[in-house]
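Colleague:
Protein chains in written order, with my numbering: chain A, 1 to 160; chain B, 1001 to 1076.
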């Protein structure tokens, strides 16, 4: 147990694209034999809802490749049009399926299967009046001190 | 082609799925048994090397066959 490497991750973002790094790294680390914990705080809590409904936004994200050269003929303000977020999110999900990239749901399931410990920030849950029942089973609730108990012993600690 | 005990088709899957599926399959196998993995993700070549180094499951073979990547892993 004590010679097992440890990975601690803080997940702070709640968009479809930024949901990937914590789950990819946590599941892979677990497969490599790391004991892994992820602490979800602020918008990161969206990643541990029972119903995953994440979106990607082209708004304020000039690094995001757009299909069919849309970035060439779409003015920046166009990305703020109503419905744009849904359209881009559907396109992104389709692209991921086509390329054999796992869905976030699948990666999250794999994390749980590999006994990655997931902790939700109690303060954020209170702050946004989230209902604890809306979050996945197996999730624990805790605070910063809870995170440090594990992070202090970790070999790798990431803020995502 | 060397002998193997079980085979995993990871074609069409992208990072990190080939590694995760391989790990899962290995955990149901006995020590010393060999797992053959077929993948199409070019990143899997380096990833299986790294997986082998970190988990102690020996990478007996890593090669290409008909445009696909084929690996033989021996369970530690």
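We treat Cβ as the ideally placed atom computed from N, Cα and C, and that holds for glycine.
In the structure shown, what three-state DSSP assignment does residue 1010 of chain B receive?
Modeller: The count along the second chain starts at 1 and reaches residue 1010 of chain B at position 10. Residue state, collapsed to three classes: strand.
Colleague: Under 8 Å, Cβ to Cβ, is there at least one residue of chain A near residue 1033 of chain B?
Modeller: Along the second chain, one-based indexing puts residue 1033 of chain B at 33. Not closer than 8 Å to any Cβ of chain A, the Cβ of residue 1033 of chain B fails to qualify, so no.
Colleague: Using three-state DSSP, classify residue 24 of chain A as helix, strand or coil.
Modeller: If you number the first chain from 1, residue 24 of chain A lands on position 24. Three-state result, residue 24 of chain A: helix.
Colleague: Per DSSP, residue 121 of chain A is paired with what?
Modeller: Residue mapping note: residue 121 of chain A aligns to position 121 of the first chain, counting from 1. DSSP, once it has assigned bridges, lists A:142 as partnering residue 121 of chain A.
Colleague: Run down chain A in chain order and give the residues with a C-beta less than 8 Å from the C-beta of residue 1012 of chain B.
Modeller: Here residue 1012 of chain B refers to the residue found at position 12 of the second chain. Within 8 Å Cβ-Cβ: 100.
Colleague: For residue 36 of chain A, which beta-bridge partners are listed by DSSP?
Modeller: In the first chain, the residue the question calls residue 36 of chain A occupies position 36. Note: residue 36 of chain A sits in a beta bridge opposite A:7.
Colleague: Which residues in chain A have a C-beta closer than 7 Å to the C-beta of residue 1019 of chain B? List them in chain order.
Modeller: As a first step, residue 1019 of chain B is located in the second chain; it is residue number 19 there, counting from the start. Near residue 1019 of chain B (Cβ distances below 7 Å), the residues of chain A are 28, 31.
Colleague: Is it true that the segment 96-115 of chain A meets the segment 16-27 of chain A, where meeting means three or more beta-carbon pairs spaced less than 8 Å apart?
Modeller: These segments touch.
Colleague: According to DSSP, is residue 181 of chain A part of a helix, a strand, or is it coil?
Modeller: Coverage of chain A is limited to positions 1 through 160, which leaves residue 181 of chain A absent and any answer about it impossible.
Colleague: Using the Cβ count rule (16 or more neighbours within 10 Å means buried), how would you classify residue 1049 of chain B?
Modeller: In the second chain, residue 1049 of chain B corresponds to position 49, counting from 1. The residue is exposed, with fewer than 16 neighbouring Cβ atoms inside 10 Å.
Colleague: Flag this pair as yes or no: are the beta carbons of residue 43 of chain A and residue 12 of chain A separated by less than 8 Å?
Modeller: As a working mapping, residue 43 of chain A is identified with position 43 in the first chain. As a working mapping, residue 12 of chain A is identified with position 12 in the first chain. Result yes, Cβ atoms of residue 43 of chain A and residue 12 of chain A sit closer than 8 Å.
Colleague: Would you tell me roughly how many angstroms separate the C-alpha atoms of residue 40 of chain A and residue 105 of chain A, rounded to the nearest one?
Modeller: Position 40 of the first chain holds residue 40 of chain A. Position 105 of the first chain holds residue 105 of chain A. Going by the C-alpha atoms only, they are around 16 Å apart.
Colleague: Closest by CA to residue 92 of chain A, which one among A:131, A:146, A:47, A:56?
Modeller: Position 92 of the first chain, counted from the first residue, corresponds to residue 92 of chain A. When each option's Cα is compared against that of residue 92 of chain A, the closest is A:56.
Colleague: Let me check understanding here. Comparing Cα to Cα, which of A:17, A:31, A:84 lies closest to residue 1020 of chain B?
Modeller: Position 20 of the second chain, counted from the start, is the residue given in the question as residue 1020 of chain B. The option with the nearest alpha carbon to residue 1020 of chain B is A:31.
Colleague: When the Cα of residue 51 of chain A is compared with those of A:38, A:157, A:82, A:135, which residue comes out closest?
Modeller: Numbered from 1 along the first chain, position 51 holds the residue referred to as residue 51 of chain A. If we check each option's Cα against that of residue 51 of chain A, A:135 comes out closest.
Colleague: Buried or exposed: which applies to residue 81 of chain A, given that a residue is buried once 16 or more other Cβ atoms fall within 10 Å of its Cβ?
Modeller: As a working mapping, residue 81 of chain A is identified with position 81 in the first chain. The residue is exposed, with fewer than 16 neighbouring Cβ atoms inside 10 Å.
Colleague: Look at the Cβ atom of residue 16 of chain A, then the Cβ atom of residue 59 of chain A, and state whether they are nearer than 8 Å.
Modeller: Position 16 of the first chain holds residue 16 of chain A. Position 59 of the first chain holds residue 59 of chain A. Contact: no.
Colleague: Spell out the partners DSSP gives residue 1058 of chain B in its beta bridges.
Modeller: Reading the second chain from its first residue, position 58 is the one you call residue 1058 of chain B. Answer is B:1074, bridged to residue 1058 of chain B.
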